[in-house]
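Residue numbers (the numbering used here), protein chains in the order written: chain A, 2 to 208; chain B, 410 to 571.
For every residue, glycine included, the Cβ atom is placed at its ideal position computed from N, Cα and C.
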């Protein structure tokens with residue numbers, strides 16, 4: 002049985018491994034968006050950062066800025082949850098593209114839009130977790146997605162609390178999805194209990 | 410003109426007129442407002458988790474309902490507030506995502522946070538006079554030291570004062 006390690010114990014070596022996972026996961030997710038929207042999409046090399054949980058509310062911009070958060074549970078071989086976050090402009094771009102609407106349409110999201118956002122979340126998270134699954138040989142399945150449109154600090158209180166339960170830092174993967182689109186997205190993977198150790202062990206990283 | 414002093418996540422502060430206190434974007438966290446109407450000594454804590462004893466890494470006492478409320482009260486008494494006069498108001502504790510399932514222990518944390526605050530206040534003998542907790546949206550709060558008014562703002566909702 003793998004040890005229960007905390008983020009505090011993740012040293013540079015682990016961080017490199019997690020950065021690589023982030024890179025491949027986000028790369029997969031970007032390809033999925035590109036296919037869905039039949040667009041050419043570029044992705045920046047993801048930045049992986051350990052952020053103090055108290056500061057997490059401000060990682061995307063101002064704490065009061067309204068953002069879109071998509072959250073899914075992660076089950077089977079590892080347990081936890083993941084979030085994909087983007088600003089409302091990015092979400093509008095994606096939804097307009099998906100619904101084949103005027104790209105400048107910026108009305109408040111209606112039920113239809115929210116369900117399109119969930120679908121985007123499904124595809125992005127599915128691709129991300131597939132990459133993680135492929136790398137680790139672990140079976141990792143997402144639950145159905147949930148979406149919230151609210152103040153950044155309020156949405157980010159969810160991962161802050163999740164990470165706050167085990168330590169003082171949160172692991173954030175930031176990636177820009179560029180090309181024709183100009184979407185800036187953030188991934189937050191929140192493994193629970195021994196799931197971090199499981200991921201690292203599966204990758205052959207000694208703990 | 411007083412200052413609007415910002416209290417961050419897992420943080421607390423006290424003030425007196427003309428200054429006021431605010432905390433931005435409470436999600437599942439709780440903003441605990443304590444007020445002594447006689448001295449107008451005012452305190453606000455932004456806690457993240459219910460119970461410091463349930464967690465190994467608990468060095469930041471402002472992070473937890475039990476230790477955070479205790480510290481806020483101690484600071485106010487040190488500044489001259491009278492415990493017998495202090496009343497409390499709480500806001501936050503939302504469930505930001507309607508997610509369900511066995512692996513999501515943190516999801517109902519908002520409710521647990523609110524319950525832990527009520528329990529701690531009761532233990533300390535501080536009267537909880539008003540609350541605005543739960544539901545599924547974030548709240549920004551402002552606490553006014555002149556009259557103890559606790560103003561709550563949420564996206565797409567009209568402001569309310571408790």
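Per DSSP, residue 100/A is paired with what?
Its beta-bridge partners do not exist; DSSP assigns none.
Examine chain B for any beta-carbon lying closer than 7 Å to the beta-carbon of residue 55/A, and answer yes or no.
yes
According to the neighbour-count rule (16 or more other Cβ atoms, all chains shown, within 10 Å of its Cβ), is residue 556/B buried or exposed?
exposed
CB contact check: residue 461/B to chain A, cutoff 7 Å:
no
Coil, strand or helix - residue 464/B by DSSP
coil
Any C-beta of chain A under 7 Å from that of residue 525/B:
no
Those residues which DSSP pairs with residue 143/A across a bridge
75/A
So, residue 1/A versus residue 171/A, is the Cβ gap smaller than 7 Å?
Given that chain A is displayed from residue 2 to residue 208, the structure contains no residue 1/A and the question cannot be resolved.
From the DSSP output, which residues share a beta bridge with residue 451/B?
424/B, 444/B
Residue 504/B to residue 187/A, Cα distance in whole Å?
21 Å
Residue nearest to residue 32/A in terms of C-alpha spacing, selected from 190/A, 121/A, 150/A:
121/A
In angstroms with no decimal places, state the Cα-to-Cα distance between residue 418/B and residue 66/A.
16 Å
Simplified DSSP assignment, three categories, for residue 484/B
helix
Taking residue 437/B as the query, report the chain A residues whose CB atoms sit under 7 Å from its CB, ordered along the chain.
158, 159, 162
Just checking my contact of residue 152/A with residue 564/B at CB under 8 Å: how many whole Å lie between their CB atoms?
6 Å
What does residue 553/B touch in chain A if you count any residue whose Cβ is under 8 Å from its own?
Correct list: empty, because the minimum Cβ distance to chain A is about 19 Å.
Does any C-beta atom of chain A lie closer than 7 Å to the C-beta of residue 505/B?
yes
Return the CA-CA distance between residue 485/B and residue 471/B, expressed in angstroms with no decimal places.
14 Å
Which one of 107/A, 84/A, 37/A has the shortest CA to CA distance from residue 94/A?
107/A
So what does DSSP say about residue 413/B, is it helix, strand or coil?
strand
Where residue 457/B meets chain A, residues with beta-carbon distance less than 8 Å:
54, 158, 161, 162, 165
If we ignore side chains and look at the alpha-carbon of each, how far apart do residue 143/A and residue 568/B end up?
37 Å
Among 27/A, 136/A, 157/A, which one has its Cα closest to the Cα of residue 52/A?
157/A
Confirm, please, whether the CB-CB distance from residue 174/A to residue 23/A is below 7 Å.
yes
Contact criterion: CB-CB distance below 7 Å. Does residue 413/B meet it with respect to chain A?
no
Do the region 419-436 of chain B and the region 199-207 of chain A make contact, defined as three or more Cβ pairs closer than 8 Å?
no
Note down, in chain order, all residues in the region 133-159 of chain A with a beta-carbon under 7 Å from any beta-carbon belonging to chain B.
144, 147, 149, 151, 152, 153, 154, 155, 156, 158, 159
If you measure from the beta carbon of residue 79/A to each beta carbon in chain B, is any gap under 7 Å?
no
Which stretch, first to last residue, makes up the beta strand (DSSP E) that contains residue 544/B?
Run containing residue 544/B: none; DSSP gives neither H nor E here.
The alpha helix (DSSP H) spanning residue 532/B covers which residue range?
518-533
For residue 568/B, name the three-state secondary structure that DSSP assigns.
coil
Among all the DSSP beta bridges, which residues are the ones paired with residue 149/A?
70/A
In terms of alpha-carbon separation, which member of 85/A, 140/A, 124/A, 139/A lies closest to residue 190/A?
85/A
Amino acids of chain B, ordered along the chain, whose beta-carbon sits closer than 9 Å to that of residue 58/A
417, 418, 433, 434, 436
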